Amino acid sequence: MINDYKILEEVLNGSKIGVLGLLRGTLPYTVPVNFVYYEKHIYFHSAESGTKIDILKRNPNVSFLAFIDRGIIPNKIPCKIGQSFKSVIITGEAAIVDGISEKKDALEALVKKYVPEGGYIQLTEETVENHKSRLNRRTSIIKIKINEISGKERP
1117 MINDYKILEE
1127 VLNGSKIGVL
1137 GLLRGTLPYT
1147 VPVNFVYYEK
1157 HIYFHSAESG
1167 TKIDILKRNP
1177 NVSFLAFIDR
1187 GIIPNKIPCK
1197 IGQSFKSVII
1207 TGEAAIVDGI
1217 SEKKDALEAL
1227 VKKYVPEGGY
1237 IQLTEETVEN
1247 HKSRLNRRTS
1257 IIKIKINEIS
1267 GKERP
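Heads up, this note's numbering is the position in the sequence shown plus 1116, with the first residue counted as 1.
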């Protein structure tokens, strides 16, 4: 178990893909997302409509998994071959961010995480509000309020 919150944050900041777990009626539904851990919350972007959004509107309770894969642990005995990793599991409540300022800040944090070298235009509230994807959909930002967080590490 990882009990040190600083290490949990390092995993969240170092992981490139998270897995969002939703409950679709009585069935689980999981989807990979690009995310950022920002201001003690998880943020990710999504189209303004679709399966994820439909499920979240019905049930905001979510789980979230982030991990860092550190490779295979070799062994001559096949049953002792393992995987080295650090992982974080979160349960929380997800909500669509309404405030344009918070949306802009979360998008900026996402861009800085995934494109740390920069070279992109600065986001403004106007560009965030008016942006549409090539499918003519607006971008939604979803925020997960963390209720519980735990971690695991295998050397």
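Virtual Cβ for every residue (Gly too), placed ideally from N, Cα, C.
Computed from a predicted model, the values in this text were never measured in an experiment.
Quiz item: What does a CB cutoff of less than 6 Å around E1269 pick up in its chain, not counting 5 residues either side in sequence?
Solution: Apart from sequence neighbours up to five positions away, the residues of its chain that approach E1269 with a beta-carbon distance below 6 Å are I1118, K1202, ordered along the chain.
Practice problem: Take K1261 and list the residues in its own chain whose beta-carbon comes closer than 7 Å to its own, dropping the five residues that flank it on each side. | Solution: H1157, G1208, E1209
Self-check item: When L1138, V1244, I1197 are compared against P1271, the one with the closest alpha-carbon
Solution: I1197
Quiz item: Is I1212 closer than 8 Å to I1258 when the C-beta atoms are compared?
Solution: yes
Quiz item: Since S1162 and S1256 are thought to touch, with beta carbons under 8 Å apart, how far apart are those beta carbons, to the nearest angstrom?
Solution: 5 Å
Self-check item: In DSSP terms, what P1271 is bridged to
Solution: According to DSSP, which records beta bridges pairwise, P1271 is partnered with nothing at all.
Quiz prompt | Own chain, CB closer than 7 Å to Y1153, minus 5 neighbours either side, in chain order | solution = E1125, L1128, N1129
Quiz item: Any idea if Y1159 is buried or exposed, counting beta-carbon neighbours within 10 angstroms, 16 or more meaning buried?
Solution: buried
Exercise. Name the residue from L1239, A1225, K1220, R1254 whose alpha carbon lies nearest to the alpha carbon of F1151.
Key: With distances taken between Cα atoms, F1151 lies closest to A1225.
Quiz prompt | Where E1155 sits in the DSSP three-state scheme | solution = coil
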